[in-house]
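Data first, discussion second: the structure below is written as structure tokens.
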Amino acid sequence: MDKQTPATGIQRKKVLVCGLRKSGKTSALRVLTHGIAPKDTFYIETTTQIVKEDVDTIIPLEVWDCPGSTTVENLGVPLSQFSSVVFFIDIQDDYHLPIKRFYELVVAAYEAGVSNLPFEVLVHKAEAHSEDYRVDNFKEIQSRIEDELYDYPSEPLHTFYPINYYMTSVYDHTTHEAFSRIVQRITSQVHIAALENLMNVLTPNCSMAKSFLFDVNLRIYVATDASPVDPGSYEACSEYVQTILTFAKLYQNIPTHPRSQISMSSTLTSPTTPTPQYPSGPPLQHKPEVVSEVHSASSQEELFPEGEWASSFAQLAPETTLAYWQITGSLALVSLVRSDVFETKRGLIEYNVAFFRDAVQKIQRIVMSGGKPT
Numbered sequence: 510m511d512k513q514t515p516a517t518g519i520q521r522k523k524v525l526v527c528g529l530r531k532s533g534k535t536s537a538l539r540v541l542t543h544g545i546a547p548k549d550t551f552y553i554e555t556t557t558q559i560v561k562e563d564v565d566t567i568i569p570l571e572v573w574d575c576p577g578s579t580t581v582e583n584l585g586v587p588l589s590q591f592s593s594v595v596f597f598i599d600i601q602d603d604y605h606l607p608i609k610r611f612y613e614l615v616v617a618a619y620e621a622g623v624s625n626l627p628f629e630v631l632v633h634k635a636e637a638h639s640e641d642y643r644v645d646n647f648k649e650i651q652s653r654i655e656d657e658l659y660d661y662p663s664e665p666l667h668t669f670y671p672i673n674y675y676m677t678s679v680y681d682h683t684t685h686e687a688f689s690r691i692v693q694r695i696t697s698q699v700h701i702a703a704l705e706n707l708m709n710v711l712t713p714n715c716s717m718a719k720s721f722l723f724d725v726n727l728r729i730y731v732a733t734d735a736s737p738v739d740p741g742s743y744e745a746c747s748e749y750v751q752t753i754l755t756f757a758k759l760y761q762n763i764p765t766h767p768r769s770q771i772s773m774s775s776t777l778t779s780p781t782t783p784t785p786q787y788p789s790g791p792p793l794q795h796k797p798e799v800v801s802e803v804h805s806a807s808s809q810e811e812l813f814p815e816g817e818w819a820s821s822f823a824q825l826a827p828e829t830t831l832a833y834w835q836i837t838g839s840l841a842l843v844s845l846v847r848s849d850v851f852e853t854k855r856g857l858i859e860y861n862v863a864f865f866r867d868a869v870q871k872i873q874r875i876v877m878s879g880g881k882p883t
């Protein structure tokens, strides 16, 4: 069930995040939602009570960070209130107790008659072991959980509740990639399909190797094209987004100049004060009309800011160019393009991206107004 914030009317989906003490769940959430450096998570205190935090991404979320001792009985609300359950298991820890706790959680959902509740298992702190050893441990944990659920007396719960497994660490891109998939799983599939259809049209028509639509604040991707997600490609794009946001702070107070005075030779621009890159001018000349009362006027301005849009390009390798285009106030298109293609077709690519931006903004406004994109 969704939570409605009285002041704004925003419907927030609840995400239950749990795991044993020292499983790394709070550290992972701080890195994800607050941008804390992984090395600083060592100083985060152990969670002693349920902490609820509003997280705004492609859909509004309310994330519950629970202490290791939390059970279904002391949550204070039924499991039917949640849209997703995320369970952390420390890969360095003894598996018996966390697997038992996770099994009890799934059984509680089943006995309460809660169906269609996604369960996500994050086998965390993967950096602690070598590649071969952590892969073996990951498979062992997955196998034991499946065996426990298979042996449930009434029916095999592993088929009733399909479970996704991720091997994660705060020291690389894996936590962000896992939450990318988690958020997509609880977002309206009509919404996701509409964005993916746009990606599937844009990417091949612009001869892009791979494209992601990023939530730049969380550094998760909310949509991608149909080609398989290569971890290396995602990591390169994610790090590029982080670099751009870091340098963007240097440009926040630069005064606005007329278009004729802006150098068009710069290839690194700020999401807050972008350099125009569009052959036909900026796609939006006026502030978008507020289409509903679901979001305030100020939040509309943040999601669809007035003016031009940021873009940035960097050569990842002699043959590959990374391209970044701001799409809304919180979304950005990041693509891998062959350098020779980008040089020869840049005007066409920019032109197509402008239409892509307009379509994504229309979809987001429809969703914000409570409708469904078609």
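Quick note: to get my numbering, add 509 to the position in the sequence shown (first position is 1).
Where a beta carbon is used, it is the ideal one built from N, C-alpha and C, also for glycine.
- C-alpha of Ile553 to C-alpha of Asn625: approximately 34 Å in a straight line.
- Beta-carbon to beta-carbon, Thr555 and Arg530 are separated by about 6 Å, close enough to satisfy the 8 Å threshold.
- One thing to note: Val623 has its Cβ within 7 Å of the Cβ of Leu588.
- With a beta-carbon spacing of about 15 Å, Glu828 and Ser844 fall beyond the 8 Å limit used to define contacts.
- Beyond the five residues adjoining it in sequence on each side, Thr557 comes within less than 8 Å, by CB distance, of Pro576 in the same chain, given in chain order.
- Contact between Val738 and Tyr674 does not hold, since their C-beta atoms are separated by about 16 Å, which reaches or exceeds 8 Å.
- Boundaries of the alpha helix (DSSP H) around Gly741: 740 to 757.
- For Ser848, the uninterrupted alpha helix (DSSP H) run begins and ends at 848 to 877, by DSSP.
- The beta carbons of Thr683 and Thr677 sit closer together than 7 Å.
- Under the Cβ criterion (8 Å, minimum of three pairs), the stretch 696 to 703 does not count as touching the stretch 580 to 598.
- Contact annotation, Phe688 with Ile729: C-beta distance approximately 5 Å; criterion of less than 8 Å satisfied.
- Judged by DSSP in its simplified three-state form, Tyr730 adopts strand.
- Taking a C-beta distance under 7 Å as the contact criterion, Val750 and Val725 qualify as a contact pair.
- By the neighbour-count criterion, in which 16 or more other beta carbons inside 10 Å mark a residue as buried, Phe551 falls on the exposed side.
- Assignment of Gln558 by DSSP, reduced to helix, strand and coil, places it in the coil class.
- Burial is judged here by how many other beta carbons sit within 10 angstroms of a residue's own beta carbon; Asp867 has fewer than 16 and is exposed.
- Between Phe611 and Leu525, the gap from beta carbon to beta carbon reaches 7 Å or more.
- Nearest Cα to Lys548 within the set Ile875, Asn709, Gly879, Tyr680: Tyr680.
- Cβ-Cβ distances below 6 Å link Gly528 to Lys534, Phe596, Phe597 in the same chain, with the five nearest sequence neighbours on each side left out; the list follows chain order.
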